[in-house]
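Have a look at the structure below, then the notes.
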Amino acid sequence: MRSKFLVKTVICATALALVAAGCSRSDSGPENAGTTGGGGKTTTASGAFGSLNDVCGPGDAKGATARGVTDTEIRVGTVADPGFSGRPGLNQELFDSATVFTKWCNAAGGIAGRQIKVDLLDSKLTEYRARILEACQNDFSLVGGGAVFDDVGQKDRLECLLPDIAGFVVSTQARGADLMVQVVPNPLDTLPVGDYKWLVEQFPDSINKVGALTGSLPSTILVKNQAIEGAESQGMKVIYDAQYNAAGEPTWAPIAQTIKSKGIKGILWTGEPENLAKLEIGLADIGYKLDWIRADANHYDQKLQVTGGGSIANTYVRSTVYPFEQASENPATEQYLDLYKKYLPSAKAKTYLGVQAFSAWILFARAVKACGNQVTAKCLLDEAKRIGSTTWTGGGLHAQMNIRDQKSTECFSLLLANPKGFTLPDIDANDSIFNCTEGNILVLKGDYGKGTKLADVGKSISDLK
Numbered sequence: 031m032r033s034k035f036l037v038k039t040v041i042c043a044t045a046l047a048l049v050a051a052g053c054s055r056s057d058s059g060p061e062n063a064g065t066t067g068g069g070g071k072t073t074t075a076s077g078a079f080g081s082l083n084d085v086c087g088p089g090d091a092k093g094a095t096a097r098g099v100t101d102t103e104i105r106v107g108t109v110a111d112p113g114f115s116g117r118p119g120l121n122q123e124l125f126d127s128a129t130v131f132t133k134w135c136n137a138a139g140g141i142a143g144r145q146i147k148v149d150l151l152d153s154k155l156t157e158y159r160a161r162i163l164e165a166c167q168n169d170f171s172l173v174g175g176g177a178v179f180d181d182v183g184q185k186d187r188l189e190c191l192l193p194d195i196a197g198f199v200v201s202t203q204a205r206g207a208d209l210m211v212q213v214v215p216n217p218l219d220t221l222p223v224g225d226y227k228w229l230v231e232q233f234p235d236s237i238n239k240v241g242a243l244t245g246s247l248p249s250t251i252l253v254k255n256q257a258i259e260g261a262e263s264q265g266m267k268v269i270y271d272a273q274y275n276a277a278g279e280p281t282w283a284p285i286a287q288t289i290k291s292k293g294i295k296g297i298l299w300t301g302e303p304e305n306l307a308k309l310e311i312g313l314a315d316i317g318y319k320l321d322w323i324r325a326d327a328n329h330y331d332q333k334l335q336v337t338g339g340g341s342i343a344n345t346y347v348r349s350t351v352y353p354f355e356q357a358s359e360n361p362a363t364e365q366y367l368d369l370y371k372k373y374l375p376s377a378k379a380k381t382y383l384g385v386q387a388f389s390a391w392i393l394f395a396r397a398v399k400a401c402g403n404q405v406t407a408k409c410l411l412d413e414a415k416r417i418g419s420t421t422w423t424g425g426g427l428h429a430q431m432n433i434r435d436q437k438s439t440e441c442f443s444l445l446l447a448n449p450k451g452f453t454l455p456d457i458d459a460n461d462s463i464f465n466c467t468e469g470n471i472l473v474l475k476g477d478y479g480k481g482t483k484l485a486d487v488g489k490s491i492s493d494l495k
């Protein structure tokens, strides 16, 4: 029974992990990371990435200044869950991006001359705390990782003052934790609502007949509740609020029939692509078509089309990354794919999380380089926020993010799914393919919890060296 529960939990919690894929933009910072778009293939120096020069390269940095740091090496950890027997390969792309980045960076000369040694910490879903305790013994920082049950190790991480430049976070405890820099910030108190605004404008006849569906887990229910607050703030009226079996329904016909009988015209969906595809099949089987379905970034996945086939219709996926389908028009995306082909050709490169993780690695490398001979946890976190500032794009991989303040991003794009793939609808973009209009962020009124703080383990920021 426990195994079945874990399978159910990982499905929805993994979906939640990817909800963290959209989040802040403001004034220009001291080191603008560049914007997406701007032409085809470019020739770059060996240690340059996208719009960023000298991410990696030779140098003369010295000093055993912190745990995991020597004259010649920086040892860091990346956490993921690929060893979970219930879903082999879960978030393997985090390990893959760690491998690709470190091979490329080390070949270019390392970070100011120091080589990166990465510990791939497989938490296998249920062993996150054990991996954090290992990292506390060996690693300077966590970089580009994420795990489904990241709540259980946050106190241990703070007790050993271990920084985390995260690929993604899931739990309330992690989303608001100290010593954490999210490369795509996903705070608990704000929500991007630009896509809701767009849906209201495009489909005014549907706004009073909206449904909300999510899996039956506390973590995804929290995200769904935030989505409802966000949608209703823009004038939508949610008249159907339901949960489905986290592991999938034996048949989606009853839910499809309920949607039809209530006259639902739009759905706020929290889940994963296979389940959504099966719902769309169920709707098609009874001849009912929604005006729109709004899904999170994890649905930017061919699993949607493979499972749903010709039933996929009017499905809008919120995104903050430049689409792989247009990689030839965006140097950073093209370089990311090229590096995968060179250093790990057997891996699946076209993943949303892979891009987020790669951006985390780039930010980490630039922060460490800026620290020079004083590579400490405090310097890493300070420099990551200074360099990321309010316009971080990972060299052009994604929309602008507010790293400095860890705020949600105003920027978004939408991908319209069809049976063959994804296209970009017109969303009044004002920054490359993204709509970054002021006012795209909602300050939430609901109580969605708080993260783990240094004070919870009897420490303060003054303990960080």
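Going by our numbering, the sequence shown opens with residue 31, and the numbers climb by one from there. Built from N, CA and C at the ideal position, the CB exists for glycine as well.
Only exposed fits Q332, as fewer than 16 other CB atoms lie within 10 angstroms of its CB. Among the bridge pairs identified by DSSP, A110 is matched with D152. The closest CA to that of T102, considering only P353, N403, N255 and Y330, is found on N403. Sequence-distant partners of A242 (beyond 5 residues in either direction) whose C-beta falls short of 6 angstroms from its own C-beta, in its chain, are K254, I258, V268, D271 and L298. Between the beta-carbon of F114 and that of K147 there is about 25 angstroms, and that puts the pair past the 8 angstroms contact cut. Around the beta carbon of V178, 16 or more other beta carbons lie within 10 angstroms, which makes this residue buried.
Going by beta carbons, G174 and A387 fall inside the 8 angstroms limit. Closest option to I471, judged by alpha-carbon separation, among L218, A286, Q287 and K408: L218. By the Cβ-count criterion, S76 is exposed, with fewer than 16 other Cβ atoms from all chains shown falling within 10 Å of its own Cβ. Listed as beta-bridge partners of V240 by DSSP are V268 and G296.
With contacts defined as CB atoms closer than 8 angstroms, T381 and T300 fail to qualify as a contacting pair. DSSP places T453 in the uninterrupted beta strand (DSSP E) bounded by G451 to T453.
Rounded to whole angstroms, Q145 and L313 show a C-alpha spacing of 54 angstroms. A direct Cα-Cα distance of roughly 22 angstroms separates D235 from S443. A distance below 7 angstroms between beta-carbons, with the five flanking residues on each side excluded, links A397 to the following residues of its chain, in chain order: L410, E413, A414 and I417. Unbroken alpha helix (DSSP H) runs of no fewer than 4 residues, entirely contained in the segment 333-404, are found at 333-338, 361-373 and 382-401, following chain order. Between the beta-carbon of L374 and that of T129 there is about 6 angstroms, and that keeps the pair under the 8 angstroms contact cut. When the Cα atoms are used, V351 and I433 turn out to be separated by approximately 16 angstroms. Counting only the Cα atoms, W391 lies some 14 angstroms from G87. A buried status is given to S349, since no fewer than 16 other beta-carbon atoms sit within 10 Å of its beta-carbon. Closest in C-alpha terms to P361, from the list A395, Y346, G384 and G424, comes G424. Counted as a single uninterrupted DSSP element, the alpha helix (DSSP H) harbouring W228 occupies residues G224 to Q232. Take C166, set aside five residues on each side of it, and the residues of its chain with a beta-carbon closer than 6 angstroms to its own are C190 and L192, in chain order. P303 is a Cβ neighbour of T337, given a cutoff of 8 angstroms. Residue burial is scored here from C-beta neighbours: D456 has fewer than 16 other C-beta atoms within 10 angstroms and is therefore classed as exposed. I323 and K290 do not touch by the CB rule: their CB atoms are close to 14 angstroms apart, not below 8 angstroms. Judged by DSSP in its simplified three-state form, E262 adopts helix. By the 16-neighbour rule on beta-carbons within 10 angstroms, K308 is buried.
Taking the Cβ atoms as the reference, L209 lies roughly 6 angstroms from L188, within the contact range of under 8 angstroms.
Nearest to V199 by alpha-carbon distance, out of D111, L320 and L446, is D111. Excluding five sequence positions before and after G339, the CB atoms of its chain that fall closer than 7 angstroms to its own CB belong to P449, given in chain order. Within the DSSP secondary-structure output, T220 pairs in a beta bridge with V473. Bounds of the alpha helix (DSSP H) holding S127 are Q122 to A137. Y158 carries a helical assignment under DSSP once its states are collapsed to helix, strand and coil. With a cutoff of 8 angstroms on beta-carbon distance, D461 and Q436 are scored as not near each other.
Contact annotation, R105 with D149: C-beta distance approximately 7 angstroms; criterion of less than 8 angstroms satisfied.
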